[in-house]
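Heads up: the structure comes next, in C-alpha cells.
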C-alpha cells in the first residue's frame, strides 16, 4: 500500500513561509506530486519530484528523500490567494494516490 | 487548448435513479482516470484507463458502478442504482503517459447529490 500522511491544517501569516510535510510508504515508487486545490475547484498541478533533492518554482519549492519516504512543499512569501488545500500524491504503477490534504489558511 | 471536459457539472437525483457522468479527455492523452472526492475519504482513484482499456478498476466501490471508454475522446462513469452515500465530487483526469513524470490534468468535476 501507500499510506500517505500529511498534517490536516496549518495557519500562517501573509508574507511568511510555511512547510507542509508528507510521508509515504510505497513500493514501486514512480514519483511524488503536489497539487493545490481551492475550495469548490479541481486540483491543479504544483510540482513533481522523482529524484532526491529540491525543485524550485517561483515561490513554491518541493523536496524529496526517497530513502526516507519524505517530501515537503515550501510556500514562501505567502499571499492570501495561497489559502487552499495542498495534496501530496504518490505515483505508483502509473497511478496517483493522494493524501488527505493539508488546509492552509493565510491570515493578514 | 481545451482542458478535460466533464458533464454534468452539477446533478441532483433521487435514490435509485441511474446517474451517468461524462468525460472528454485532453486530445492526445492516452491515460484517463476517474476519481471521487468526499470530505471523509478524500480523493480516491476509482478506475484507470490506458489507450481506452481499463487497467485497474480495483477502486470501483461495488457493482453499482461501471465505467467505459469506447474511444480515445470519451468516457462515462455510471451509477445504477444510485444511493445517498454516492454523493460526492467525481473528477475525471487525463495524462499523456500515465502519472509517471507527466502531470495528470483534472476536469472541473461533477458534483453529485443523491437524495
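Protein chains in written order, with the numbering used here: chain A, -13 to 94; chain B, 6 to 120.
C-beta: ideal position from N, C-alpha, C; glycine also.
Worksheet item: Are the C-beta atoms of residue 81 (chain A) and some chain B residue less than 7 Å apart?
Response: Taking the first chain and counting its residues from 1, one reaches residue 81 (chain A) at position 95. Answer yes: the Cβ-Cβ gap between residue 81 (chain A) and chain B drops below 7 Å somewhere.
Worksheet item: If we ignore side chains and look at the alpha-carbon of each, how far apart do residue 114 (chain B) and residue 11 (chain B) end up?
Response: Counting from 1 along the second chain, the entry for residue 114 (chain B) is found at position 109. Counting from 1 along the second chain, the entry for residue 11 (chain B) is found at position 6. Roughly 6 Å separates the two Cα atoms.
Worksheet item: At a Cβ threshold of 7 Å, is residue 21 (chain B) touching chain A?
Response: Position 16 of the second chain, counting from 1, holds the residue named residue 21 (chain B). It does not: the Cβ of residue 21 (chain B) has no partner Cβ on chain A nearer than 7 Å.
Worksheet item: Looking at C-alpha atoms only, which residue of A:-4, A:-11 and A:30 is the closest neighbour of residue 111 (chain B)?
Response: On the second chain, residue 111 (chain B) is found 106 positions in, with the first residue counted as 1. Nearest neighbour of residue 111 (chain B) by Cα position, chosen from A:-4, A:-11 and A:30, turns out to be A:30.
Worksheet item: Is DSSP giving residue 27 (chain B) helix, strand or coil here?
Response: Position 22 of the second chain, counted from the start, is the residue given in the question as residue 27 (chain B). Looking at residue 27 (chain B) - three-state DSSP - the assignment turns out to be strand.
Discussion item. Count Cβ pairs between the stretch 68 to 86 of chain A and the stretch 9 to 23 of chain A that sit closer than 8 Å; are there 3 or more?
Written reply: yes
Worksheet item: Are the C-beta of residue 113 (chain B) and some C-beta of chain A separated by less than 7 Å?
Response: Here residue 113 (chain B) refers to the residue found at position 108 of the second chain. Yes, its Cβ sits closer than 7 Å to a Cβ of chain A.
Worksheet item: For residue 50 (chain A), which residues does DSSP report across the bridge?
Response: Along the first chain, read from residue 1 onward, the residue named residue 50 (chain A) stands at position 64. Answer is A:39 and A:57, bridged to residue 50 (chain A).
Discussion item. Per the DSSP calculation, residue 64 (chain A) is bridged to which residue(s)?
Written reply: The residue labelled residue 64 (chain A) in the question sits at position 78 within the first chain. Bridge partners of residue 64 (chain A): none, in fact.
Fill in: Residue from B:36, B:42, B:9 and B:7 with nearest C-alpha to residue 117 (chain B)
Here residue 117 (chain B) refers to the residue found at position 112 when the second chain is read from its first residue. Checking every option, the nearest Cα to that of residue 117 (chain B) belongs to B:42.
Worksheet item: Is DSSP giving residue 108 (chain A) helix, strand or coil here?
Response: The structure shown does not extend to residue 108 (chain A), since chain A is modelled only from -13 through 94, so no value can be given for it.
Discussion item. Using C-beta distances below 7 Å, list every residue in its chain close to residue 68 (chain A), excluding the 5 sequence neighbours before and after it, in chain order.
Written reply: For the purposes of this step, residue 68 (chain A) is taken as residue 82 along the first chain, with counting starting at 1. Excluding sequence neighbours, residue 68 (chain A) sits near 61, 90 and 92.
Worksheet item: Is residue 88 (chain B) near residue 20 (chain B), with beta carbons less than 7 Å apart?
Response: By one-based count along the second chain, residue 88 (chain B) stands at place 83. By one-based count along the second chain, residue 20 (chain B) stands at place 15. Result yes, Cβ atoms of residue 88 (chain B) and residue 20 (chain B) sit closer than 7 Å.
Discussion item. Assess contact between the stretch 48 to 57 of chain A and the stretch 76 to 83 of chain B, defined as three or more Cβ pairs (one per stretch) separated by less than 8 Å. Is contact present?
Written reply: no
Worksheet item: Within the present structure, is the beta-carbon of residue 6 (chain A) separated from the nearest heavy atom of the ligand FMN by less than 6 Å?
Response: Among the ligands in the structure shown, none appear at all, so the ligand FMN cannot be discussed.
Item to complete: Compare the C-beta of residue 49 (chain A) against all C-beta atoms of chain B and say whether one is closer than 7 Å.
Response: For the purposes of this step, residue 49 (chain A) is identified with residue 63 of the first chain, where counting begins at 1. No, no contact with chain B.
Item to complete: Have a look at residue -3 (chain A) and residue 22 (chain B) and give me their C-alpha separation to the nearest angstrom.
Response: For the purposes of this step, residue -3 (chain A) is taken as residue 11 along the first chain, with counting starting at 1. For the purposes of this step, residue 22 (chain B) is taken as residue 17 along the second chain, with counting starting at 1. Looking at the two C-alpha atoms, the distance is approximately 42 Å.
Discussion item. Assuming the contact rule is C-beta atoms closer than 8 Å, residue 40 (chain B) and residue 50 (chain B) should be a hit. Round their C-beta distance to whole Å, please.
Written reply: Position 35 of the second chain, counted from the first residue, corresponds to residue 40 (chain B). Position 45 of the second chain, counted from the first residue, corresponds to residue 50 (chain B). With a Cβ gap of about 6 Å, residue 40 (chain B) and residue 50 (chain B) count as contacting.
Worksheet item: Among the residues of its own chain, which have a CB less than 6 Å from the CB of residue 94 (chain B), if the five just before and after it don't count?
Response: In the second chain, the residue the question calls residue 94 (chain B) occupies position 89. Cβ within range, chain order: 42, 114 and 116.
Discussion item. On the criterion of 16 or more Cβ atoms from any shown chain inside 10 Å, does residue 82 (chain A) qualify as buried, or is it exposed?
Written reply: Within the first chain, numbered from 1, the residue matching residue 82 (chain A) stands at position 96. Buried, since its Cβ has 16 or more Cβ neighbours within 10 Å.
Practice prompt. Using the Cα positions of residue 4 (chain A) and residue 45 (chain B), report the straight-line distance between them to the nearest angstrom.
Written response: The sequence position of residue 4 (chain A) within the first chain is 18, counting from 1. The sequence position of residue 45 (chain B) within the second chain is 40, counting from 1. So the two alpha carbons sit approximately 25 Å from each other.
Worksheet item: Mind checking whether residue 98 (chain B) and residue 38 (chain B) have CB atoms under 7 Å apart?
Response: Along the second chain, one-based indexing puts residue 98 (chain B) at 93. Along the second chain, one-based indexing puts residue 38 (chain B) at 33. The answer is yes: Cβ separation under 7 Å.
Discussion item. Just verifying my parser: in three-state terms, what is the DSSP assignment at residue 79 (chain A)?
Written reply: Sequence index remark: in the first chain, residue 79 (chain A) carries index 93 (1-based). Three-state DSSP puts residue 79 (chain A) in coil, outside helix and strand.
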